[in-house]
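Enquirer: Let me give you the structure first, and then I'll get to my questions.
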Ligand code: NAI
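Residue numbers (my numbering): 1 to 249.
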């Protein structure tokens, strides 16, 4: 257990799985009290129990980030622990049409509601809480698809581009309140979002689109995210940071 995030309270959305769970574990290992937030209550409890078993501080909070009321309750819950210092707005979905090429109006709204509106709702309540605390740091999870296209995924690509714009806007607006806001753009990462939809052959092809020749790991995304949240990144705000094995190079 390090002291990197000692005495800090963090919220991580999408913490029941993949990237969010890894970030929650790293923040807790750095001494933060982490509020793990997700709509998947069952897996959420498992991740929180794992953190507590290794000596970390964790609280599980069930939330659907596409509901502003639920997001407000999540931030109030974190504030009651002492005040909100850190937030990772990471919850997201690939969308049913992500890899199939089929597209529906309903699918569009679902992806935008969670991947873009959800990030806005989170910041809408996190920023005032951080102002009350006297400062803070936020990372919003974008994607390589926040800066390049991917055929068949218009809503996902639009949402992830939008997250970068939201991030920049919040960063310039709240810099004088000592709040830093950055976004992270992972390449394809070995998580259920990717692996549960694709067969081995397709996964091999996707791995090969990264010059390093493989998918990324959740720990590699977490390392960058936690650096951006840490005091070492005190002059970094408003920017988009890739962790993509050279995919966009
Ligand atoms: P994952 O599917 O393993 O985890 C996503 C988590 O978000 C799940 O626990 C899910 O229950 C939760 N979630 C989904 N909708 C929610 C909602 N409305 N409210 C609350 N929680 C909700 O996926 P992964 O890969 O860990 O993705 C995390 C983030 O990283 C997402 O924003 C994703 O778009 C982004 N990302 C993932 C990449 C990848 O290749 N895996 C690449 C680039 C970005």
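Glycine included, each C-beta is placed from N, C-alpha and C at the ideal position.
What separation, rounded to the nearest whole angstrom, lies between the Cα atoms of residue 221 and residue 38?
Expert: The alpha-carbon atoms of residue 221 and residue 38 are separated by roughly 19 Å.
Enquirer: So, residue 163 versus residue 121, is the Cβ gap smaller than 8 Å?
Expert: No.
Enquirer: My parser needs the beta strand (DSSP E) runs of 3 or more residues fully inside the region 190-249; what are they?
Expert: Runs found: 240-243.
Enquirer: Between which two residues does the beta strand (DSSP E) holding residue 61 run?
Expert: First-last of the beta strand (DSSP E) with residue 61: 57-62.
Enquirer: Counting only the same chain and skipping the five closest in sequence on each side, list residues whose C-beta sits under 7 Å from that of residue 82.
Expert: Excluding residues within five positions, the ones whose Cβ falls inside 7 Å are 9.
Enquirer: The ligand NAI and residue 246: does any heavy atom of the ligand fall closer than 7 Å to the residue's C-beta?
Expert: Checking every heavy atom of the ligand NAI against the Cβ of residue 246, none is found closer than 7 Å.
Enquirer: If you follow the beta strand (DSSP E) that residue 182 is part of, which residue opens it and which one closes it?
Expert: Unbroken beta strand (DSSP E) run through residue 182: 179-186.
Enquirer: DSSP three-state label for residue 36, please.
Expert: Three-state result, residue 36: strand.
Enquirer: Would you mind working out which of 106, 104, 176, 116 sits nearest residue 127, comparing C-alpha positions?
Expert: Per the Cα distances, 176.
Enquirer: Starting from the C-beta of residue 216, find all residues in its chain whose C-beta is less than 8 Å away, skip the five residues before and the five after it, and write them out in chain order.
Expert: Excluding residues within five positions, the ones whose Cβ falls inside 8 Å are 186, 187, 188, 189, 190, 210, 243, 244, 245.
Enquirer: Got a sec? Which residues, its chain only, sit under 6 Å from residue 20 by beta carbon, not counting five neighbours each side?
Expert: The residues are 12, 14, 90.
Enquirer: What does a CB cutoff of less than 8 Å around residue 52 pick up in its chain, not counting 5 residues either side in sequence?
Expert: Hits under 8 Å: 58.
Enquirer: If you reduce the DSSP assignment to three classes, tell me which class residue 138 lands in.
Expert: Of the three classes helix, strand and coil, the one that applies to residue 138 here is strand, per DSSP.
Enquirer: Out of curiosity, what's the CA-to-CA distance linking residue 103 and residue 29?
Expert: Answer to the nearest angstrom: the Cα atoms are 41 Å apart.
Enquirer: Taking the beta strand (DSSP E) that residue 11 falls in, what are its first and last residues?
Expert: 9-13 is the extent of the beta strand (DSSP E) around residue 11.
Enquirer: Can you tell me whether residue 78 is buried or exposed, with buried defined as 16 or more other CB within 10 angstroms of its CB?
Expert: When all chains shown are included, residue 78 counts as buried.
Enquirer: Which one of 161, 130, 133 has the shortest CA to CA distance from residue 141?
Expert: For residue 141, the nearest C-alpha among the options comes from 161.
Enquirer: Given 7 Å as the limit, tell me if residue 85 has its C-beta closer than that to any heavy atom belonging to the ligand NAI.
Expert: Answer for residue 85: no, Cβ out of range of the ligand NAI.
Enquirer: Using the three-state DSSP reduction, which class does residue 86 fall into: helix, strand or coil?
Expert: Residue 86: strand per DSSP, three-state reduction.
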